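In what follows, a single structure is set out as structure tokens and then discussed.
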Amino acid sequence: MNRNLPRVAYRPREAAEVTGLSLRFLYYAIQQKDLPTIRVGRCRLMTEKALREWLERKTEATVEAKG
């Protein structure tokens, strides 16, 4: 497998490692339908794009709240 290919999707544990967020927090966001995921068989994945957009929305909401 070529490890030089860009990632297009992450499992929740991998997304937690990449973002520095807790796995529990990510599962909560998934449960609340705040973070979109896809299922491939029994595997739950979040696309890199969805994860990036979700983080941007969270950043914008934090900035607006501090106002």
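According to our numbering, the stretch in the sequence shown is residues -19 to 47, in order. Using N, Cα and C, we set each Cβ at its ideal position, and we do this for glycine too. Nothing here was measured: the structure is a model prediction, and the numbers come from that model.
Beyond the five residues adjoining it in sequence on each side, Thr17 comes within less than 7 Å, by CB distance, of Ile10, Arg24, Leu25, Met26 in the same chain, given in chain order. When DSSP reads this structure, Leu25 sits in a beta bridge with Ile18. Per DSSP, the unbroken alpha helix (DSSP H) holding Gln11 starts and ends at 3 to 11. The C-beta distance from Leu3 to Arg(-7) rounds to 6 Å, short enough to meet the 8 Å contact threshold.
Counting only the Cα atoms, Lys46 lies some 26 Å from Tyr7.
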